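**Q** As numbered in my numbering, residues 1443 to 2058 make up the sequence shown, in order. My questions will all concern the structure given below.
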Amino acid sequence: MPVPVTDLTSPAPATQLAKNGATPAVLGVTRSVTGRRWTWRAGSQASHADRMGMAIAQQTGLPEIVGRMLALRHISPEQVADYLRPAMGQMLPDPLTLVDMDVAAGRMARAIRNGETVGLFGDYDVDGACSTALLTTFLRTQGCTVLTHIPDRMTEGYGPNIPAIEAMQEQGASLIICLDCGTAAVDVLEHVSQRCDVIVLDHHQVQGALPRVLATVNPNRPDCPSGLRNICAAAVTFLAAGATTRLLRSEGWFGTHPDPQLKHSLDLVALATVCDVMPLTGLNRAFVIHGLNIMAQRGRTGLAALLEAAGARDPLSAFTCGFALGPRINAGGRIADSGLGLRLLLSDDAAEAQALADKLNSVNHNRQSVEAGILDRAMELAAAQREQGHAVLVLSGRDWHPGVVGIVAGRIKEKFNRPVLVGAELDDGSVKGSARSVPGQDLGGAIIAARQAGLLTSGGGHAMAAGFGLPAEGVPALHDFLDRYLASAADLPDAVDLTIDAVVNVAAADVALATDMDRLAPFGAGNDEPLIALPRVRVAYAERIGREGNTLRLTLQGEGRGPRLKALVFRANESPIAPVLEDRDAPPLHLAGWLRAESWNGRTSATFFIRDVAIA
1443 MPVPVTDLTS
1453 PAPATQLAKN
1463 GATPAVLGVT
1473 RSVTGRRWTW
1483 RAGSQASHAD
1493 RMGMAIAQQT
1503 GLPEIVGRML
1513 ALRHISPEQV
1523 ADYLRPAMGQ
1533 MLPDPLTLVD
1543 MDVAAGRMAR
1553 AIRNGETVGL
1563 FGDYDVDGAC
1573 STALLTTFLR
1583 TQGCTVLTHI
1593 PDRMTEGYGP
1603 NIPAIEAMQE
1613 QGASLIICLD
1623 CGTAAVDVLE
1633 HVSQRCDVIV
1643 LDHHQVQGAL
1653 PRVLATVNPN
1663 RPDCPSGLRN
1673 ICAAAVTFLA
1683 AGATTRLLRS
1693 EGWFGTHPDP
1703 QLKHSLDLVA
1713 LATVCDVMPL
1723 TGLNRAFVIH
1733 GLNIMAQRGR
1743 TGLAALLEAA
1753 GARDPLSAFT
1763 CGFALGPRIN
1773 AGGRIADSGL
1783 GLRLLLSDDA
1793 AEAQALADKL
1803 NSVNHNRQSV
1813 EAGILDRAME
1823 LAAAQREQGH
1833 AVLVLSGRDW
1843 HPGVVGIVAG
1853 RIKEKFNRPV
1863 LVGAELDDGS
1873 VKGSARSVPG
1883 QDLGGAIIAA
1893 RQAGLLTSGG
1903 GHAMAAGFGL
1913 PAEGVPALHD
1923 FLDRYLASAA
1933 DLPDAVDLTI
1943 DAVVNVAAAD
1953 VALATDMDRL
1963 APFGAGNDEP
1973 LIALPRVRVA
1983 YAERIGREGN
1993 TLRLTLQGEG
2003 RGPRLKALVF
2013 RANESPIAPV
2023 LEDRDAPPLH
2033 LAGWLRAESW
2043 NGRTSATFFI
2053 RDVAIA
């Protein structure tokens, strides 16, 4: 049965459900230009979503389409107010629900009272940099001397190492705190803890026995009852600073010392939450909403400079964090100086911050060039492995840069819808790499299992992302192991279905609708941006813009003429949908994408960002 399209919207009404509970393909699209089927987000729950969406609209005054989208995200009428405007004070958990947090907070409070020197060892990614910057600022404002170390990806690798920590101990550090790392560094931390106290503030999966140190605060400890398994390390660090502040406040410390005003560090928590791909629900949603508000005030000199260097415009969003700020902060750790991002986040000198931001911007451009040099060959190898029927794609190359293999793995995962490992073959005969997964395939668990089976010399991470290391000759055995461990991935479709929230005519795809849908933001993992379909569209105008013509700018029009709509396609040079959109003789097209309100020079207009195309 064809789906009717009104002037406003047409989600999947319950009346269109098949008798067996399955929903028809949206607009009849069973195979788009990219080989995807378009499915309704509601699935067999369409009837419930219809009723709940209408109830939300009636009780809140929101448009019915927004009410239905909230219902599809399992938000009840009673939860809408808290969902749209979460109160940070009500959302924050008691930090002491985290195992060892009382011990960690007590020890940090003692370090503050005694004016001790504290050494911070952070990971080289955004989460590590944000965690280290947050705790550095907190401890310094309370009188501690703080030493920091971010390891070099190439020479030191991931996680704590003895020389770096001993160097901080030689400089007087009586307390070492590992941030976004340390849970798996049993031997290293037990060695260095003989000379000073060690605290771990981390969130990575636990691979075995915990290090025998003063405190390991990690919501992913099997014995941790906090229920906070989906927060990032910067969030753990924020809660640790909060617990320490509460303890000091009870002692009257802030009668003679500056209040830390921890809410001003929520910009760092938001940035890390988005860039570490944490689900943007519950507490994380509150962190990001309030953190973006803090970030928009541009009170942190380094972030303000990086926003300027990246050309980021207001309003700031999760997209700003994930695609403008995150890659630039990560770039230093990938192919240059791993400490650049931390220095930027800690800088309070405008000139210095701008120089660091410009440097990171330049390094990021270099990173993109290095990535491009690897990607084509990696894609060829991945295509061959997929044709061979592998459940997991395992790729490595002799001249591949270890700093960009994670990004390459992510691009290949998007292309082939398979778990992917990409490694760089190093001069010492080892392979170091990064892995990315797809929903439903716990790659972090697979990596840990491979390490426990003796197939890896290092490895660990999350369900969706992990790192690994092994001798080059061990790659075939690892590939065989992962194919068996994640065998169900072999049955995944080559292209994942697109999940559509609603069908909207071009005439109704306006600023008002885009603004209403934006109330569901921030969008990201766990809270997908609403994906809408435009039926029977014609392209009135198309042109290539940007560097190397890699962006396609279009003007869209419905069959009945009427208002036109601006549209964009990014990475047009490698996209199979661009030639279809540029074909002047193309028949009417169904388009899937995101409708956003964009402001420029005081004028706000709607733009449609095209994700997929199907012949109508």
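Cβ atoms here follow ideal geometry from the backbone N, Cα and C, with glycine treated the same way. Note that this is a predicted model, so its numbers are computed, not measured.
Tell me whether the beta-carbon of Ala1824 lies closer than 8 Å to the beta-carbon of Ile1777.
**A** Not in contact: Ala1824 and Ile1777 (Cβ atoms no closer than 8 Å).
**Q** Glu2001 to Gly1966, Cα distance in whole Å?
**A** About 33 Å.
**Q** Inspect the beta-carbon positions of Val1880 and Arg1860 and report whether they are closer than 8 Å.
**A** Going by C-beta atoms, Val1880 is nearer than 8 Å to Arg1860.
**Q** For Thr1743, collect the residues of the same chain with a Cβ closer than 8 Å to its Cβ; drop the 5 residues on either side in sequence, then sort them by chain order.
**A** Taken in chain order, the residues that qualify are Ser1789, Asp1790, Asp1791, Ala1792, Ala1795.
**Q** Determine the DSSP secondary structure at Gln1500, reduced to helix, strand or coil.
**A** In the structure shown, Gln1500 sits in a helix (DSSP, three-state: H, G or I).
**Q** Looking only at its own chain, which residues have a Cβ that is under 7 Å from the Cβ of Gln2047, when we skip the five neighbours before and after it?
**A** Correcting the residue identity first, residue 2047 is Ser in this sequence and not Gln. The answer, listed in chain order, is Val1953, Lys2008, Glu2040.
**Q** What are the start and end residues of each continuous alpha helix (DSSP H) run of 4 or more residues lying completely inside the segment 1890-1973, in chain order?
**A** Qualifying alpha helix (DSSP H) stretches, in chain order: 1917-1927, 1953-1959.
**Q** Please tell me whether Leu1621 and Ala1675 are closer than 8 Å, where the distance is taken between their beta carbons.
**A** It is a contact, given that the beta carbons lie within the stated cut-off.
**Q** To test your reading of the DSSP string, which unbroken alpha helix (DSSP H) runs of 4 or more residues are found completely within the segment 1468-1538?
**A** Segments of the alpha helix (DSSP H) lying fully in the segment 1468-1538: 1488-1502, 1506-1514, 1522-1526, 1530-1533.
**Q** Buried or exposed, going by whether 16 or more other CB atoms sit within 10 Å of the CB of Arg1663?
**A** Label assigned to Arg1663: buried.
**Q** Rounded to whole angstroms, what's the CA-CA distance from Val1945 to Tyr1983? Just pull it up for me.
**A** If I take the Cα positions, the gap works out to 22 Å.
**Q** Can you look up Ala2048 in the DSSP assignment and give me helix, strand or coil?
**A** Three-state DSSP puts Ala2048 in a strand.
**Q** Compare the C-alpha of Gly1886 against each of Leu2023, Trp2042, Tyr1927, Gly1509 and name the closest.
**A** Closest by alpha carbon: Tyr1927.
**Q** Which stretch, first to last residue, makes up the alpha helix (DSSP H) that contains Thr1658?
**A** That residue, Thr1658, is in no alpha helix (DSSP H); its beta strand (DSSP E) goes 1657-1659.
**Q** Among the residues of its own chain, which have a CB less than 6 Å from the CB of Ala1754, if the five just before and after it don't count?
**A** Excluding positions up to five away in sequence, the list reads Thr1762, Ala1766.
**Q** So, for Gly1599: in the same chain, excluding its five sequence neighbours on each side, which residues have a beta-carbon less than 6 Å away from its beta-carbon?
**A** So the list is empty, once near-sequence residues are dropped.
**Q** May I have the straight-line CA-CA distance separating Ala1551 from Val1834, to the nearest angstrom?
**A** So the two alpha carbons sit approximately 47 Å from each other.
**Q** To the nearest angstrom, how far is it from the Cα of Ala2058 to the Cα of Ala1760?
**A** Taking the straight line joining both Cα atoms gives about 33 Å.
**Q** Since I believe Phe2050 is in contact with Leu1998 (beta carbons under 8 Å), could you give me their beta-carbon distance rounded to a whole number of angstroms?
**A** About 7 Å; that satisfies the 8 Å criterion.
**Q** Out of Leu1512, Trp1480, Gly2004, point me to the one whose CA is closest to Asn1969's CA.
**A** When only C-alpha atoms are compared, the closest one is Leu1512.
**Q** Provide the residue span of the beta strand (DSSP E) that contains Gln1999, from first to last.
**A** Counting along the chain, the beta strand (DSSP E) containing Gln1999 begins and ends at 1993-2000.
**Q** Consult DSSP for Ser1876 and reduce its assignment to one of helix, strand or coil.
**A** Note: Ser1876 maps to strand in three-state DSSP.
**Q** Suppose only complete runs of 4+ residues qualify. What are the alpha helix (DSSP H) ranges in the segment 1714-1767, listed by chain order?
**A** Counting only runs of 4 or more, we get 1724-1738, 1743-1752.
**Q** Within 10 angstroms of its Cβ, does Pro1844 collect 16 or more other Cβ (buried), or is it exposed?
**A** Pro1844 comes out buried.
**Q** Where are the beta strand (DSSP E) runs, 3 residues long or more, that stay fully inside the segment 1754-1840, in chain order?
**A** List check, beta strand (DSSP E) in window: 1835-1839.
**Q** Determine, using beta carbons only, whether Pro1602 and Gly1585 come nearer to each other than 8 Å.
**A** Contact: no.
**Q** Cα separation between Ser1668 and Leu1540?
**A** Ser1668 and Leu1540: Cα-Cα distance of roughly 5 Å.
**Q** How about Leu1749: is its Cβ closer than 7 Å to a heavy atom in the ligand GDP?
**A** The ligand GDP is not part of the structure shown, which contains no ligands of any sort.
**Q** Please name the residue in Arg1479, Val1979, Leu1748 whose C-alpha comes closest to that of Val2024.
**A** Sequence inspection shows Glu at residue 2024; the Val mentioned does not correspond to that position. Selected option, being the one with the closest Cα: Val1979.
**Q** I'd like to check one pair, Gly1991 with Gln1389: are the Cβ atoms closer than 8 Å?
**A** Residue numbering for the chain in the displayed model covers 1443 to 2058; residue 1389 lies beyond these limits and cannot be assessed.
**Q** Helix, strand or coil: which one does DSSP assign to Val2055?
**A** Reduced to three states, the DSSP call for Val2055 is strand.
**Q** Distance, Cα to Cα, Arg1561 vs Cys1638?
**A** Contrary to the premise, residue 1561 reads as Gly rather than Arg in this sequence. Distance between the alpha carbons of Gly1561 and Cys1638 is about 10 Å.
**Q** Thinking C-alpha only, which one of Asp1936, Ala1914, Ala1728, Asn1672 is nearest Gly1477?
**A** Among Asp1936, Ala1914, Ala1728, Asn1672, the Cα nearest to that of Gly1477 is on Asp1936.
**Q** Leaving out five residues on either side along the sequence, give the residues of the same chain with a beta carbon under 7 Å from the beta carbon of Pro1505.
**A** Result list for Pro1505: Ala1499, Asp1958, in chain order.
**Q** Hey, could you find the ends of the alpha helix (DSSP H) Glu1856 is sitting in?
**A** From DSSP, the alpha helix (DSSP H) with Glu1856 extends over 1847-1858.
**Q** Below 8 Å, can you find three or more Cβ-Cβ pairs linking the segment 1865-1879 to the segment 1909-1925?
**A** Yes, the segment 1865-1879 touches the segment 1909-1925.
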